[in-house]
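In the numbering used here, the protein residues as written are 58 to 305. Take a look at the structure below.
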């Protein structure tokens, strides 16, 4: 836990999902989390993801048990493109809210915006849930056809869009004027030029012929599936270490 003097104490109203709180009538997204999303019938008509209600309910219980009060800490990027605050959240006893969600298996680790101050703690928390096959990981074991939250690259389909962990063998590592290119058997991973400073290209080249996991927003484009990543915490080499440990 950071020093308490770093924290801004706030009263929480409620959780609208397993990764988003409402604080003083403003949405605040918990850094490092991606929780299953509920069905959205307005605007985008997005189908719901498994255990979305359970994830929201669990987060609401967590904050209710701590009198709806959290300590807020910002990282490098404070607001996302939707105007939501991006926060680390702590209870008075030092417990990190995000690690509790990950250990329960009701969210997965989502690195983004270079908000990596507590990345290793979040990675370890997710690994505990994976090892214990809790919630989402139990769902994955019993229902691999759902392709959530992890999917094998060789089994991915056009409808598998959304935030996913993709596992597959690297068949190509290359660089163009705009992207570093990492191709699995059927899925393309792209690192835009603005993020090259975050990676070691030689280390990326060493991934060829190895099985890796990459986590990011997956989309379908011209008959192929792609994801774009900007941090090494989004990729790991399964052959060298436990899944979900950044290799680069």
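Ideal Cβ placement from N, Cα and C applies to all residues, glycine included. Predicted, not measured: the structure shown is a model, and the values here were computed from it.
Each residue's CA atom was taken as its position, placing residue 62 and residue 229 some 48 Å apart. If you check the CB distance, residue 127 and residue 67 come in under 9 Å. Distances from the alpha-carbon of residue 171 to those of 255, 93, 231, 199 put 255 closest. Looking at the DSSP output, residue 166 shares a beta bridge with 90.
For the pair residue 258 and residue 279, the CB atoms are not nearer than the 9 Å cut-off.
By DSSP's assignment, residue 249 forms a beta bridge with 236. In the structure shown, the three-state DSSP call for residue 272 is strand.
In this structure, DSSP gives residue 212 a helical state, which the three-state scheme calls helix. Apart from sequence neighbours up to five positions away, the residues of its chain that approach residue 141 with a beta-carbon distance below 6 Å are 84, 86, ordered along the chain. Taking C-alpha positions only, residue 168 is separated from residue 246 by approximately 15 Å. Taken through DSSP and simplified to helix, strand or coil, residue 83 comes out as strand. When the alpha-carbon of residue 220 is set against those of 91, 266, 211, the nearest one is in 91. Of the candidates 124, 133, 210, the residue whose Cα lies closest to the Cα of residue 175 is 133. With contact defined as three or more Cβ pairs closer than 8 Å, the region 179 to 189 and the region 145 to 165 are in contact. Look at residue 243 here: in three-state DSSP terms it is coil, with no helix or strand label.
DSSP, reduced to helix, strand and coil, places residue 292 within a strand of the structure shown. Within the region 112 to 173, the complete alpha helix (DSSP H) segments of 4 residues or longer fall at 154 to 160, listed in chain order. DSSP places residue 180 in the uninterrupted alpha helix (DSSP H) bounded by 176 to 189.
Counting only residues of its own chain and dropping the five nearest sequence neighbours on each side, residue 215 has a CB closer than 7 Å to the CB of 277. Under DSSP, residue 68 shares a beta bridge with 126.
In the three-state reduction of the DSSP assignment, residue 266 falls in the coil class. If the five residues before and after residue 294 are omitted, its C-beta is found closer than 7 Å to the C-beta atoms of 264, 267, 269, 304, all from its own chain and listed in chain order. Of the candidates 222, 253, 250, 238, the residue whose Cα lies closest to the Cα of residue 273 is 222. Within a 10 Å sphere around the beta-carbon of residue 211 sit fewer than 16 other beta-carbons, which makes this residue exposed. Of 78, 290, 75, the smallest CA-CA separation from residue 181 is found for 290. Linking residue 251 to residue 241 through their CA atoms gives a straight-line distance of about 22 Å.
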